[in-house]
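**Student:** Sharing a structure below in structure tokens format, with a few things to ask.
Numbering (full-length UniProt numbering), first residue to last: 1 to 265.
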């Protein structure tokens with residue numbers, strides 16, 4: 001029953017996650033123009049690469065450890081604190097990645113857009129999705145994703161009315177990420193997870209154990225999201241990034257068809 005609920009919840013969330021960009025991008029292209037849409041897609045690509053770094057494959061590595069039997073409050077609390085410490089360190093490198101990519105691109109981006117992007121990445125870094133996956137409660141997390149993306153879609157239509165409003169897009173993403181993360185932590189605390197003292201050697205051990213999972217995700221991210229960053233840096237025009245980014249969303253919608261079943265299993 002739990003597996004069926006997880007697959008159903010993930011399927012709906014996955015479908016919604018790929019329908020939303022297809023509804024947003026035509027509207028954004030018409031309102032803000034191809035150049036500003038290219039800036040948005042470039043920012044999205046950088047954020048996705050930064051999020052892969054901060055996720056560090058914990059949804060797979062620690063989720064697997066929890067699923068193997070370490071489900072009591074003590075182990076969940078230990079994992080919770082280990083991940084928090086590691087992700088705080090990884091966030092520093094993620095911010096360096098964002099700033100470096102923006103500087104190398106040669107394009108000037110408003111500080112409001114960049115700041116919203118950084119806050120979005122920060123919220124995502126502390127997202128305890130891996131606990132939901134390990135405890136086989138992904139259907140709860142999926143409901144949060146669906147609701148937040150729906151409100152995000154509505155905010156795009158309500159807030160972005162003129163080309164200059166494109167700077168608010170990253171703040172809409174930050175709002176979505178913040179809502180999901182904060183509500184997720186409410187459930188985690190409700191399940192009895194607490195702050196515990198942890199040893200440095202165990203943090204290092206967890207870091208090493210998760211590295212292979214991170215490496216596999218990083219390679220895929222570099223192949224997909226890296227193309228938009230490469231195009232913006234060496235292509236010279238953000239209009240090209242906009243065209244490529246919209247096509248990429250159609251591609252992702254196709255290749256992720258079986259993702260809900262794989263994640264639930």
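Yeah, the Cβ is synthetic: ideal placement off N, Cα and C, and Gly gets one too.
(1) Give, in chain order, every unbroken run of the alpha helix (DSSP H) that is at least 4 residues long and sits entirely within the stretch 181 to 211.
(2) Going by C-alpha to C-alpha distance, which of 176, 103 and 219 sits closest to residue 127?
(3) Terminal residues of the continuous alpha helix (DSSP H) containing residue 68?
(4) Does the Cβ-Cβ distance between residue 61 and residue 120 come in under 8 Å?
(5) My guess is that residue 90 and residue 54 are in contact by the Cβ rule of under 8 Å, so how many angstroms apart are they, rounded?
(6) Rounded to whole angstroms, how far is the Cβ of residue 41 from the Cβ of residue 228, which I believe are closer than 8 Å?
(7) Which same chain residues end up closer than 6 Å to residue 153 when comparing Cβ atoms and leaving out the 5 residues on each side of it in sequence?
(8) Hey, would you say residue 148 sits closer than 8 Å to residue 118, going by beta carbons?
(9) Excluding sequence positions up to five away, which residues of its chain have a Cβ less than 7 Å from the Cβ of residue 207?
(10) For residue 237 and residue 231, I'd like the C-alpha separation in whole angstroms.
**Tutor:** Reading it off the structure:
(1) none
(2) Your numbering for residue 127 matches position 127 in the chain shown. When only C-alpha atoms are compared, the closest one is 176.
(3) For the purposes of this step, residue 68 is taken as residue 68 along the chain shown, with counting starting at 1. No alpha helix (DSSP H) holds residue 68; DSSP gives it neither H nor E.
(4) Counting from one through the chain shown, the residue named residue 61 turns up at place 61. Counting from one through the chain shown, the residue named residue 120 turns up at place 120. Not closer than 8 Å, so no.
(5) Translated into the one-based positions of the chain shown, residue 90 becomes position 90. Translated into the one-based positions of the chain shown, residue 54 becomes position 54. Indeed, because the Cβ distance is near 5 Å, the residues count as touching under 8 Å.
(6) Reading the chain shown from its first residue, position 41 is the one you call residue 41. Reading the chain shown from its first residue, position 228 is the one you call residue 228. Confirmed, about 6 Å.
(7) Against the chain shown, residue 153 aligns to sequence position 153. Closer than 6 Å at Cβ, skipping near neighbours: 20.
(8) Mapped onto the chain shown, residue 148 falls at position 148. Mapped onto the chain shown, residue 118 falls at position 118. Their beta carbons are not under 8 Å apart, which means residue 148 does not touch residue 118 by this criterion.
(9) Indexing the chain shown from 1 puts residue 207 at position 207. Cβ within range, chain order: 86.
(10) As a working mapping, residue 237 is identified with position 237 in the chain shown. As a working mapping, residue 231 is identified with position 231 in the chain shown. Whole-angstrom Cα-Cα distance: 8 Å.
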